[in-house]
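In this text, residue positions in the sequence shown follow numbering that gives the first Met the number 0: the first is 0, and each later residue adds one. C-beta: ideal position from N, C-alpha, C; glycine also. Only a predicted model underlies this, so the values are computations on that prediction, with no experimental measurement involved. A quick write-up on the structure given underneath.
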Amino acid sequence: MPRQLAFAIRLVLAALLGIALCSPASACSAFLLKNGHLLVVGRNYDWHLEDALVMVNKRDIRKSALSFDNPLKWVSKYGSVTINQYGRELPCDGMNERGLMIGLLWLDETRYPEPDERPSLTNAQWAQYQLDTAQTVEEVIASDAHVRITNLGGALVHYFVADAHGNAAVIEFIDGKMQATTGAELPFAAITNKTYAASLKYLRKHAGFGGAREIVRSPSSLNRFVGAARASRDFAAEEKPTLPQALGTAFHTLLEIDQGERTKWSLAYDLPSRTIHFKTYSQESRRSISLQSLDFTAETPTQLAEINSVAEGDFRTALVDYTWQANRDQIRRACSLTRFAQGLPDFMIELAAKYPERNCVPIEAEKEEAELLPAGQ
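In structure tokens:
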């Protein structure tokens, strides 16, 4: 690929990354319900836009990051299912076949690291990288030693991470350094749109958590955190709950802490069974997709489906083979409905849509291409 074209594609995708999750109004929530073998993450995605693609991402894919600054290169070890609004490889959240879940949430206090010797990638691709390469919270945290998030794109986020072993973490980048809150330092596995430290301090002022303040329902970040933390605490104390009860608690809590029409998706990740259950604002019936029923081998095509293409039940019935045109159409829809992206030229959208064609290549395809080249090329 010519260097100028590669630069143009990265520039376009930088613009898209700046659009995705780029407003404090995209105020999301996440929490973990944990009781015995039951592990369910609840997640609200709050934004002005509902359209999205559910992506089935394959293992054994060689990738190159969207970065001007020493771009990271890696090979996906695990398959995953993600939800993407502004293009393939730029997820809002998702889960991999080992039961690792990651969600992105806005955080004004975020300050990413300054350039150093570590290879870099953007904040949305950081989530895809973790789903591609990690199976535990511990591995996600450890990756900070050799991977760096770049400032490209401008979106300020922190992450909620949970794994099938029952571990959870809130990962934030404050003053240029990763701050991973986990284990005993994470007494309530929840997060909204303030730092975990500020959220926990506010929680301690409320009845049942050390203070006297009444718990109220409110769309504010801190009050949503209190509601999520209370649900996490109360579920842990229940006696022998069932999976249907866990899912019911997750969706009930998500409804209690939603923001009305701004809450576009509500999801419940069943980590042990590798199943994602979800509802959307325009289609309230529950749909689900089991990762254990999907083919993540690189020999078969990446798949996708529009998030509302199934009204209820098994979402697998909607999956079709990936095309760059479908990726383009989603990016185009997202930009047309995003006020500050409506002027993005169509040729730039097309460049962004074609990014995965050369930067996400199956290992076997690389080998076959090399075998076809004349000796010495």
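Practice item. Determine the direct distance from the alpha carbon of Lys-62 to that of Cys-359, and round the result to whole angstroms. Key: Position 360 of the sequence shown, counted from the first residue, corresponds to residue 359. Position 63 of the sequence shown, counted from the first residue, corresponds to residue 62. Each residue's alpha carbon lies about 5 Å from the other.
Check your understanding: Out of Ala-168, Leu-32, Ile-173, Ile-256, which has the shortest C-alpha to C-alpha gap to Ala-183?
Key -> Here residue 183 is taken as the residue at index 184 of the sequence shown, counted from 1. Comparing Cα-Cα distances from Ala-183 to each of Ala-168, Leu-32, Ile-173, Ile-256, the minimum goes to Ala-168.
**Study point:** Spatially closest choice to Ala-352 from Arg-87, Gln-244, Leu-71, by CA coordinates
**Key:** Residue numbering aside, residue 352 sits at position 353 when the sequence shown is read from its first letter. If we check each option's Cα against that of Ala-352, Arg-87 comes out closest.
Check your understanding: Quick one: what's got a C-beta closer than 8 Å to Gly-226's C-beta in the same chain, skipping five residues either side?
Key -> For the purposes of this step, residue 226 is taken as residue 227 along the sequence shown, with counting starting at 1. Around Gly-226: Ile-214, Arg-216, Thr-252, Glu-255, Ile-256.
Review point. Measuring CB to CB, does Ala-64 end up less than 7 Å from Gln-124?
Key: Start at 1 with the first residue of the sequence shown, and residue 64 comes out as number 65. Start at 1 with the first residue of the sequence shown, and residue 124 comes out as number 125. Yes, these two residues count as a Cβ contact at 7 Å.
Review point. With a CB to CB cut of under 7 Å and the five nearest residues on each side skipped, what residues in its chain are close to Ala-179?
Key: Here residue 179 corresponds to residue number 180 of the sequence shown, with the count starting at 1. Around Ala-179: Ile-140, Ala-168, Ile-170.
Point to revise | Glu-171 - partner residues in DSSP beta bridges | key: The residue you call residue 171 lines up with position 172 of the sequence shown. According to DSSP, which records beta bridges pairwise, Glu-171 is partnered with Gln-178.
Review point. If you draw a straight line from the C-alpha of Gln-127 to the C-alpha of Gly-93, how long is it?
Key: Here residue 127 corresponds to residue number 128 of the sequence shown, with the count starting at 1. Here residue 93 corresponds to residue number 94 of the sequence shown, with the count starting at 1. For Gln-127 and Gly-93, the distance between alpha carbons rounds to 8 Å.
Practice item. Measure the C-alpha to C-alpha separation of Leu-38 and Pro-344 and round it to an integer number of angstroms. Key: Taking the sequence shown and counting its residues from 1, the one referred to as residue 38 is at position 39. Taking the sequence shown and counting its residues from 1, the one referred to as residue 344 is at position 345. If you take the alpha carbons of Leu-38 and Pro-344, they lie about 44 Å apart.
Check your understanding: Quick one, which of Gly-35, Gly-102, Tyr-77 has its alpha-carbon nearest Asn-83's?
Key -> Within the sequence shown, numbered from 1, the residue matching residue 83 stands at position 84. Selected option, being the one with the closest Cα: Gly-102.
Practice item. For Lys-200, count neighbouring Cβ atoms within 10 angstroms of its own Cβ and tell me buried if that reaches 16, exposed if not. Key: To locate residue 200, count along the sequence shown from 1; it is residue 201. Looking at its Cβ environment, which holds fewer than 16 other Cβ atoms inside 10 Å, Lys-200 is exposed.
Practice item. Return the first residue and the last residue of the beta strand (DSSP E) that Trp-264 is part of. Key: Counting from one through the sequence shown, the residue named residue 264 turns up at place 265. Element bounds for Trp-264: 262 to 269.
Point to revise | Pairwise C-alpha distance: Phe-234 and Pro-240 | key: As a position in the sequence shown, residue 240 is number 241, starting the count at 1. As a position in the sequence shown, residue 234 is number 235, starting the count at 1. If I take the Cα positions, the gap works out to 8 Å.
**Study point:** Limits of the beta strand (DSSP E) - the one that Ser-219 falls within
**Key:** Numbered from 1 along the sequence shown, position 220 holds the residue referred to as residue 219. Ser-219 -> no beta strand (DSSP E), and no H or E assigned at all.
**Study point:** Given Ser-308 as reference, the closest of Val-53, Asn-43, Tyr-354 once Cα atoms are compared
**Key:** Numbered from 1 along the sequence shown, position 309 holds the residue referred to as residue 308. Answer by Cα proximity: Val-53.
Exercise for review: Alpha carbon to alpha carbon, how far is Val-160 from Ala-249? Give it in angstroms, no decimals.
Suggested key: On the sequence shown, residue 249 is found 250 positions in, with the first residue counted as 1. On the sequence shown, residue 160 is found 161 positions in, with the first residue counted as 1. Roughly 16 Å between the two C-alpha positions.
Review point. Cβ of Leu-48 within 7 Å of Cβ of Leu-336?
Key: If you number the sequence shown from 1, residue 48 lands on position 49. If you number the sequence shown from 1, residue 336 lands on position 337. Closer than 7 Å, so yes.
Practice item. Look at the Cβ atom of Thr-191, then the Cβ atom of Ser-28, and state whether they are nearer than 7 Å. Key: The sequence position of residue 191 within the sequence shown is 192, counting from 1. The sequence position of residue 28 within the sequence shown is 29, counting from 1. Yes, Cβ-Cβ distance for Thr-191 and Ser-28 is below 7 Å.
Check your understanding: At what residues does the alpha helix (DSSP H) containing Asp-328 begin and finish?
Key -> Reading the sequence shown from its first residue, position 329 is the one you call residue 328. Taken as a continuous stretch (DSSP letters only), the alpha helix (DSSP H) holding Asp-328 covers 323 to 335.
Review point. Helix, strand or coil for Val-360 per DSSP?
Key: The count along the sequence shown starts at 1 and reaches residue 360 at position 361. Correct three-state label for Val-360: strand.
Point to revise | 7 Å Cβ cutoff met for Val-55 and Val-80 | key: Locating residue 55 in the sequence shown gives position 56, where the first residue counts as 1. Locating residue 80 in the sequence shown gives position 81, where the first residue counts as 1. Yes, the pair counts as a contact, with Cβ atoms nearer than the cut-off.
Exercise for review: Hey, could you find the ends of the alpha helix (DSSP H) Ile-348 is sitting in?
Suggested key: Taking the first residue of the sequence shown as position 1, residue 348 is located at position 349. 345 to 352 is the extent of the alpha helix (DSSP H) around Ile-348.
Practice item. Could you tell me if Thr-322 is buried or exposed, where buried requires 16 or more neighbouring beta carbons within 10 angstroms of its beta carbon? Key: In the sequence shown, the residue the question calls residue 322 occupies position 323. Classification for Thr-322: exposed.
Check your understanding: Cβ atoms of Lys-57 and Ala-297: under 7 Å apart, would you say?
Key -> Within the sequence shown, residue 297 is the residue found at index 298, counting from 1. Within the sequence shown, residue 57 is the residue found at index 58, counting from 1. Yes.
Review point. Between Phe-67, Ile-60, Trp-46, which lies nearest to Pro-300 when the distance is taken from Cα to Cα?
Key: Your numbering for residue 300 matches position 301 in the sequence shown. Nearest C-alpha to Pro-300: Ile-60.
Review point. What number of angstroms, rounded off, separates the C-alpha of Arg-338 from the C-alpha of Tyr-85?
Key: For the purposes of this step, residue 338 is taken as residue 339 along the sequence shown, with counting starting at 1. For the purposes of this step, residue 85 is taken as residue 86 along the sequence shown, with counting starting at 1. When rounded, the distance between both Cα atoms is 14 Å.
Review point. On the three-state DSSP scale, how would you describe Ser-231?
Key: Numbered from its first residue, the sequence shown carries residue 231 at position 232. Reduced to three states, the DSSP call for Ser-231 is helix.
Review point. What residue range is occupied by the uninterrupted beta strand (DSSP E) comprising Gly-41?
Key: What you label residue 41 is simply residue 42 of the sequence shown in a count that begins at 1. Its beta strand (DSSP E) spans residues 37 to 45.
**Study point:** Own chain, CB closer than 8 Å to Ala-378, minus 5 neighbours either side, in chain order
**Key:** Examination of residue 378 is not possible in this model, given that the chain is present from 0 through 376 alone.
**Study point:** 6 Å Cβ shell around Gln-291 - same chain, five flanking residues per side excluded
**Key:** As a first step, residue 291 must be located in the sequence shown, where it is residue number 292. Counting only Cβ-Cβ distances below 6 Å, and skipping sequence neighbours, we find Arg-273.
Check your understanding: Is DSSP giving Val-146 helix, strand or coil here?
Key -> Here residue 146 refers to the residue found at position 147 when the sequence shown is read from its first residue. In the structure shown, Val-146 sits in coil (DSSP, three-state: anything other than H, G, I, E or B).
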